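**Student:**
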Amino acid sequence: MTENLQSRCLANWNMEMKLDPAKDDLPLMANTRHMLVKHYVLDLDVDFKSQVIEGTVVLFFEPGSRCEKGGSAGEGPCLSQSYETCKIRASEPCHSPVTNVSACSSKTEYNDFAVCAKGEKDTSDKNGNHSNREQVSGISSSKNCYDIENHGNEDFLLVLDCCDLSVLKVEEVDVAAVPGIEKFTRSAKLTDAEELRNLRNQIVHELVTLPADHWREQLYYYTRCSQAPGCGELLFSTGPWSLMIGKAEVQAPRDFPHAIRIWYKTKPEGRSVTWTTDQSSRPCVYTMGSPINNRALFPCQEPPVAMSTWQTTVRTASCFVVLMSGENSAEPVQLQEGVLSWYYYVTMPMPASTFTIAIGCWTEVKQESHIADIRTTNEFSSLFSRADLRLIEGSCGHVTYPCRFQNPAASSQLVIPHRVFAPWCLKDRCAEILLELIPRCLSAAHGTLGTHPFSRLDVLIVPSNFSSLGMARPNKENTGEVSESGTCIIKHGLNAEKIFMQVHYLKGYFLLQSLAKRIGEATYFEFLRKFVQKFHGQLILSQDFLYMLLEDIPEQKGYGLSVENIIQTWLDTSGIPKPLLEECQTWDQCRLVQQVNDEVTKWIQVNQRARKRSKRKRRQDEVTFQKLLPDQLVLLLESLLEEKTLCLRTLQCLEKTYHLDEQDAEVRHRWCELVVKHKYRRRYADIEKFLKEDQAMGVYLYGELMVNEDAKQQELAYKCFAATQKQMDVSSAKVVAEMLF
């Protein structure tokens, strides 16, 4: 590596070494203001035996907002509007089944691409990091966080978010070698290497800026370019949180290769990917998403501003089903006996954190008898449909892509195509509940918010260790200033406990309820639809929602309502917000709450009599209880948790009356709390089942088992943790371990 690039990498390393991964703060290292990824092409092999995903990712770039305008290679004519002759099919994806690339030459001819030797020695260091530069010694940590900028004549350094990956090789892609690519170039004679470099970058620029109605042609050429030969290896180095890539004597982002290929493999312990078993004890793997998103799945740009599209080919054993975030319903292609290939793509630019993959022995749950009858009863449907038509006649506010909001047929599609997948043991249960529920939910969503943004939906019953409590974290202070290059730090992003704090979700829920009550439900839902129409396909903040609400309904300002006082009153203060306390006084007037209060009174009376009277007398005083909805059951059990003691007979009757072991997780969690509080040993099995099958929610129960200082309950906690620790989500396991040890 040149001295210039080497010193730049050392500076980046020093910055990262200061960021202790064991601490709370999460660094986002990608210099998105210098270079932006516009498209990813992933080509992956999944090996369940070694628990490794390996292959390549090709990244297509455009210079970012901080780069100089003009004079770049991306200035060129528009492309031909004709693409009908271009054909791209899911059965003809890019295939590059490579397990090691150390024997692969960057000068390989196009037709021989990806024919590499297997079983080569892994040259990674003890941390699994790779580099094609000379080893650098004497790296010391710095106490100051420096931004990696371009100063003077220093060589440009591309920085991607990356961790827990073994990067094997990085090379520039010779997109100019793709047959038929001439349509993306100007008529010019290539006289030197610089002009050839400019030509390649011009091709990528023309490709990533194709009009939205050319998306098929665009995907086709992305595929062909991703299969093109390499035209020179690039210098690279991996740090704890980043992959740094450089090219000697390239000093500006606009001159840096706009298409690069990275050969890499994941690590079994990688924090973006979870290898586990499903409810039928069959192996599966899925992306975690939280807390470090996808940087341990593939090198990428994690800041949300880096909106991109992607296409992915995944090969794995034929017994597995591959599900991904994609706009197509992928049909597998058999490559050889026992191996299937799956291909997915998206045309809507989204943050890399929304890339998802789940591979397992899933069973598709299909409707065998009849299709649920879907009708919309939304009283605002006619009003909203007129607003939708006005939107179609206008323009969208997002970057260009094939938007369904501009499609009249899509705007009237109440229910989009959908599939349901589940482990074999849950197939019948899903058929009984979900197949009729999902169409009704989709119809209700359309009736409230309008056009479905995606053309299809896959629903998967995830493994029990899936962390399901959400990815947002409370953030009163600034999340960290964004540097000139785009790097930043997410405060407390690595704090495992933040994932399980639900206060901010509850406050947000009650804030929205309060707003709806204040302005009226009809006006509120009409506003929601307008908001979705205005901001679909864009990145937004909570403030955007509040500002638009007050602008759309200006009379609320007359009541002293402002974005600033909403945030101050509802979000930035601890405890229950004052407006919510005032509203609590009216809750008991709700019919559903009154029903629960009546049932609570009955149970308290039953408990009092059960403590005093004989079995014969109790039979004469049997009470009839009303049937309650799940939310009412939650409120009932929470009310009974406030009682000092419930006798054994009351608990038995409670369990039998409501079939508590068959209720949803929210209800069963409160039931387990009652079991713990009253040391109801006969139902400790319910706690054990909950801690194994609802691991994310079960975190709270471990604390309650330990706080009572009861030997039997603590023994149960240790037993359950020992049985599930290896399968648990990393954050969940960390929090529970701190409770137990």
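For the sequence shown, counting from 1, position 242 maps to 1394 in the working numbering; every step adds exactly one. Even for Gly, the Cβ is constructed at its ideal location relative to N, Cα and C. Source: prediction; values computed, not measured.
1) Between Gln1720, Asn1717, Ser1791 and Cys1742, which has its C-alpha nearest Glu1751's C-alpha?
2) Between the C-alpha atoms of Ser1394 and Leu1800, what's the straight-line distance to the nearest angstrom?
3) Taking the beta strand (DSSP E) that Thr1461 falls in, what are its first and last residues?
4) Which of the three DSSP states, helix, strand or coil, is assigned to Cys1256?
5) Which class does Arg1835 belong to by DSSP, given the choice of helix, strand or coil?
6) Specify, as a first and last residue, the run of the beta strand (DSSP E) that Tyr1495 falls within.
7) Over the uninterrupted beta strand (DSSP E) stretch that includes Val1437, give me the two end residues.
8) Is the CB-CB distance between Glu1324 and Pro1409 below 7 Å?
9) Ordered along the chain, which non-local residues of its own chain (more than five positions away) have a Cβ less than 8 Å from that of Tyr1778?
10) Using the Cα positions of Gln1565 and Gln1760, report the straight-line distance between them to the nearest angstrom.
11) Is it true that the CB of Thr1428 sits closer than 7 Å to the CB of Gln1877?
12) Would the beta-carbon of Val1745 fall within 7 Å of that of Pro1782?
13) What does Leu1789 pair with, by DSSP beta-bridge criteria?
14) Let me make sure I understand the geometry here. Which of Gly1672, Glu1673, Leu1698 and Trp1462 has the alpha-carbon closest to that of Phe1683?
15) Tell me, please, which residues DSSP counts as bridged to Ser1394.
16) In whole angstroms, give me the CA-to-CA distance for Val1887 and Val1851.
17) Thinking just about the alpha-carbon of each residue, which of Pro1554, Val1859, Glu1807 and Val1485 is nearest to the one in Arg1835?
18) Consult DSSP for Thr1721 and reduce its assignment to one of helix, strand or coil.
19) What's the C-alpha gap between Cys1824 and Lys1579?
20) Would you report the Cα separation of Val1330 and Ala1380, rounded to the nearest angstrom?
21) Consult DSSP for Ile1444 and reduce its assignment to one of helix, strand or coil.
22) With distances taken from CA atoms, which of Ser1460, Cys1593 and Ile1839 is nearest Val1827?
23) With DSSP as the reference, label Pro1173 as helix, strand or coil.
24) Helix, strand or coil for Thr1809 per DSSP?
25) Report yes if the C-beta distance between Gln1847 and Met1858 is below 7 Å; otherwise report no.
26) From the DSSP secondary-structure annotation, give me the bridge partner or partners of Leu1612.
27) Per DSSP, what are the beta-bridge partners of Trp1415 in this structure?
28) Would you grab the beta carbon distance between Ser1424 and Ala1448 for me? Rounded to a whole angstrom, and I think it's under 8 Å.
29) Report the residue from Asp1724, Ile1692, Val1498 and Tyr1676 whose alpha carbon sits nearest the alpha carbon of Asp1704.
30) To the nearest angstrom, report how far apart Ile1397 and Asp1195 are at their CA atoms.
31) Taking the beta strand (DSSP E) that His1191 belongs to, which residues open and close that run?
32) On a Cα-Cα basis, can you pick out the residue from Phe1842, Pro1575, Lys1518 and Ala1458 that is closest to Ala1875?
33) Please work out which residues of its chain come closer than 6 Å, Cβ to Cβ, to Tyr1832, disregarding the five sequence neighbours upstream and downstream, and give them in chain order.
34) Would you mind working out which of Ile1205, Asn1717 and Glu1890 sits nearest Phe1450, comparing C-alpha positions?
35) Rounded to the nearest angstrom, what separates Leu1320 and Val1210 at their Cα positions?
**Tutor:** According to the structure shown:
1) The residue labelled residue 1751 in the question sits at position 599 within the sequence shown. Selected option, being the one with the closest Cα: Ser1791.
2) If you number the sequence shown from 1, residue 1394 lands on position 242. If you number the sequence shown from 1, residue 1800 lands on position 648. Each residue's alpha carbon lies about 57 Å from the other.
3) Along the sequence shown, one-based indexing puts residue 1461 at 309. Ser1460 to Ala1469 is the extent of the beta strand (DSSP E) around Thr1461.
4) Mapped onto the sequence shown, residue 1256 falls at position 104. Low confidence applies to Cys1256: its pLDDT is 33, below 50, so where it sits in the model is not reliable, and the reading given next is rough at best. Correct three-state label for Cys1256: coil.
5) Mapped onto the sequence shown, residue 1835 falls at position 683. In the structure shown, Arg1835 sits in a helix (DSSP, three-state: H, G or I).
6) Residue mapping note: residue 1495 aligns to position 343 of the sequence shown, counting from 1. Tyr1495 -> beta strand (DSSP E) spans Val1491 to Met1502.
7) Taking the first residue of the sequence shown as position 1, residue 1437 is located at position 285. From DSSP, the beta strand (DSSP E) with Val1437 extends over Pro1435 to Thr1439.
8) Position 172 of the sequence shown, counted from the first residue, corresponds to residue 1324. Position 257 of the sequence shown, counted from the first residue, corresponds to residue 1409. Yes, they are a contact pair.
9) For the purposes of this step, residue 1778 is identified with residue 626 of the sequence shown, where counting begins at 1. According to the sequence as given, residue 1778 is Gln; it is not Tyr. Only Gln1747, Asp1750 and Glu1751 meet the Cβ criterion.
10) To locate residue 1565, count along the sequence shown from 1; it is residue 413. To locate residue 1760, count along the sequence shown from 1; it is residue 608. The alpha-carbon atoms of Gln1565 and Gln1760 are separated by roughly 56 Å.
11) Locating residue 1877 in the sequence shown gives position 725, counting from the first residue. Locating residue 1428 in the sequence shown gives position 276, counting from the first residue. No.
12) Residue numbering aside, residue 1745 sits at position 593 when the sequence shown is read from its first letter. Residue numbering aside, residue 1782 sits at position 630 when the sequence shown is read from its first letter. Cβ atoms of Val1745 and Pro1782: not closer than 7 Å.
13) Taking the sequence shown and counting its residues from 1, the one referred to as residue 1789 is at position 637. According to DSSP, which records beta bridges pairwise, Leu1789 is partnered with nothing at all.
14) Position 531 of the sequence shown, counted from the start, is the residue given in the question as residue 1683. When each option's Cα is compared against that of Phe1683, the closest is Leu1698.
15) As a position in the sequence shown, residue 1394 is number 242, starting the count at 1. DSSP, once it has assigned bridges, lists Asp1313 as partnering Ser1394.
16) Sequence index remark: in the sequence shown, residue 1887 carries index 735 (1-based). Sequence index remark: in the sequence shown, residue 1851 carries index 699 (1-based). Each residue's alpha carbon lies about 8 Å from the other.
17) Position 683 of the sequence shown holds residue 1835. Minimum Cα distance to Arg1835 is reached at Glu1807.
18) In the sequence shown, residue 1721 corresponds to position 569, counting from 1. Thr1721 falls in the helix class under three-state DSSP.
19) On the sequence shown, position 672 is the one that residue 1824 refers to. On the sequence shown, position 427 is the one that residue 1579 refers to. Cα to Cα, the separation comes out at about 26 Å.
20) Counted from its first residue, the sequence shown places residue 1330 at position 178. Counted from its first residue, the sequence shown places residue 1380 at position 228. Those two C-alpha atoms are separated by around 6 Å.
21) Stepping through the sequence shown from its first residue, residue 1444 is reached at position 292. Coil at Ile1444, not helix or strand.
22) As a working note, residue 1827 is residue 675 in the sequence shown. Here the closest residue by C-alpha is Ile1839.
23) Taking the sequence shown and counting its residues from 1, one reaches residue 1173 at position 21. Residue confidence for Pro1173 is low, a pLDDT of 49 falling below 50, so the modelled location carries little weight; the figure read from the coordinates is stated next. Pro1173 falls in the coil class under three-state DSSP.
24) Taking the first residue of the sequence shown as position 1, residue 1809 is located at position 657. In this structure, Thr1809 counts as helix in the three-state DSSP scheme.
25) Here residue 1847 corresponds to residue number 695 of the sequence shown, with the count starting at 1. Here residue 1858 corresponds to residue number 706 of the sequence shown, with the count starting at 1. Cβ distance not < 7 Å, so Gln1847 and Met1858 don't count as in contact.
26) Stepping through the sequence shown from its first residue, residue 1612 is reached at position 460. Looking at the DSSP assignment, Leu1612 forms a beta bridge with Phe1573.
27) Here residue 1415 corresponds to residue number 263 of the sequence shown, with the count starting at 1. Answer is Thr1208 and Lys1321.
28) As a first step, residue 1424 is located in the sequence shown; it is residue number 272 there, counting from the start. As a first step, residue 1448 is located in the sequence shown; it is residue number 296 there, counting from the start. Indeed they touch by this definition, with Cβ atoms about 4 Å apart.
29) Indexing the sequence shown from 1 puts residue 1704 at position 552. Minimum Cα distance to Asp1704 is reached at Tyr1676.
30) Here residue 1397 refers to the residue found at position 245 when the sequence shown is read from its first residue. Here residue 1195 refers to the residue found at position 43 when the sequence shown is read from its first residue. Rounded to whole angstroms, Ile1397 to Asp1195 spans 20 Å at the Cα level.
31) Taking the first residue of the sequence shown as 1, we reach residue 1191 at position 39. Run containing His1191: Met1187 to Asp1199, per the beta strand (DSSP E) assignment.
32) Working through the sequence shown from its first residue, we reach residue 1875 at position 723. When only C-alpha atoms are compared, the closest one is Phe1842.
33) For this step, residue 1832 is matched to residue 680 along the sequence shown. Closer than 6 Å at Cβ, skipping near neighbours: Leu1803.
34) Your numbering for residue 1450 matches position 298 in the sequence shown. If we check each option's Cα against that of Phe1450, Ile1205 comes out closest.
35) By 1-based counting over the sequence shown, the position of residue 1320 is 168. By 1-based counting over the sequence shown, the position of residue 1210 is 58. Distance between the alpha carbons of Leu1320 and Val1210 is about 14 Å.
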